[in-house]
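Residue numbers (my numbering): 82 to 362. Only one structure is covered here, and it is reproduced in the block below.
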Amino acid sequence: MNTSRATKPFKWVERIRIAILYAIGLLFLFPFYIAIVYSIKTPMETAESPLSFPKHISWSNYADAIEASNFFLALRNSVVTTSATVALTILVCSMGAYVIARNNNRFYSFFYYLFMSSIMLPFQVLMFPLYKTWADLHILNTLPGLITSLTGVQIGYFCFLYVGFIKTVPRELEESALLDGASRYRTFFSIIFPLLKPINMTIIVLSALGAWNDFVVSMVLVQKKAVSTLPLVQFQFFGEYTSQVNMAFAAIILSMIPIMIFYGFAQRYIIGGVTAGAVKG
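Here it is, written out as structure tokens:
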């Protein structure tokens, strides 16, 4: 009986923990509920009952949002920008991190800490110099300019992850290849890079999410509709005096679908890649 009495408090604690977890889950799901409900409501229903589910579903918001925002052009721009940013990030960060990880001296340590310090640097500090530089190079309002910028703001963090992972790869693998006459580039791409699959998948997911959802960098560097990405065309529904909330949420839901599908398939690689590189720092 004493044992059963002793376990009762622990059962109550467990129930409280579960209740708290459910409450937190509902709190995070609430914005999704609002987005879905507003996207299928009329403006009149939204004003009368903001939180309730609509009596009659209005799918016209989606059609109007697609037409008003030139959605498919923005979707194409987002796909191109995200794909190119991910590819460039993987290539630049993996090669740079490999050099840093395999050269233990002050020169390369300086670059390592420089990359780490850039993680703490907010984009607002770089915003005006970047805009001026891109204007002088005549690459404002272009996809190459946007892709380069999105890659640049991610380099610090991803180099940090790559360095930690590459340090776990045994040096003997590449030393044997170098003894056989392989160049540094061939050694990296033939031996080291295939071993980076866990961290590569992690960075592909994180980089894709960052590029797809980016608003601040795109807003600074892109003013033309022909080059606008999905976050930018969603912003046009919010004016100074009026807002088309229902169409805006419809556009947001449409833009979430591709990246959520991608994340659903790739999420299992995130934790594995990060923890694998956490053994050595």
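Backbone N, C-alpha and C fix where the C-beta goes; we use that ideal spot for every residue, glycine too.
Phe319 carries a strand assignment under DSSP once its states are collapsed to helix, strand and coil.
In this structure, Asn158 sits near Leu224, with a CB-CB distance shorter than 8 Å.
Residue pairing by DSSP places Ser324 opposite Phe319 in a beta bridge. In the three-state scheme derived from DSSP, where H, G and I count as helix and E and B as strand, Trp93 is classed as helix. For Gln235, the enclosing alpha helix (DSSP H) starts and ends at 224 to 247.
Per the coordinates, the alpha-carbon of Gly291 lies some 32 Å from the alpha-carbon of Phe134. In this structure, Tyr350 sits away from Thr268, with a CB-CB distance that is not shorter than 8 Å. Bounds of the alpha helix (DSSP H) holding Leu254 are 252 to 260. Counting C-beta atoms within 10 angstroms of its own C-beta, Pro312 has 16 or more neighbours from the protein chains shown and is therefore classed as buried. Counting only residues of its own chain and dropping the five nearest sequence neighbours on each side, Ile220 has a CB closer than 7 Å to the CB of Gly226.
Shortest Cα-Cα distance from Ile236 to any of Asp145, Ala329, Ser198 involves Ser198. Counting the other Cβ atoms within 10 Å of the Cβ of Phe330 gives 16 or more, which makes it buried. Ser130 is the residue among Ile105, Lys213, Ala104, Ser130 whose C-alpha sits nearest the C-alpha of Ile115.
When the Cα atoms are used, Ser120 and Val326 turn out to be separated by approximately 8 Å. By the CB criterion at 8 Å, Val301 and Tyr212 fall inside the cutoff. In the structure shown, Arg349 adopts helical secondary structure according to DSSP, grouped into three states. Annotated three-state conformation of Met197 is helix, per DSSP. Straight-line measurement puts the Cα of Leu132 at about 22 Å from the Cα of Asp145.
Taking Thr166 as the centre and dropping the five residues before and after it, the same chain places the C-beta of Ile228, Leu231, Thr232, Ser288, Ala292 closer than 7 Å to its C-beta, in chain order. Collapsing the DSSP output to three states places Arg265 in a helix. One Cα belongs to Gly345, the other to Asn294, and the distance between them is close to 16 Å.
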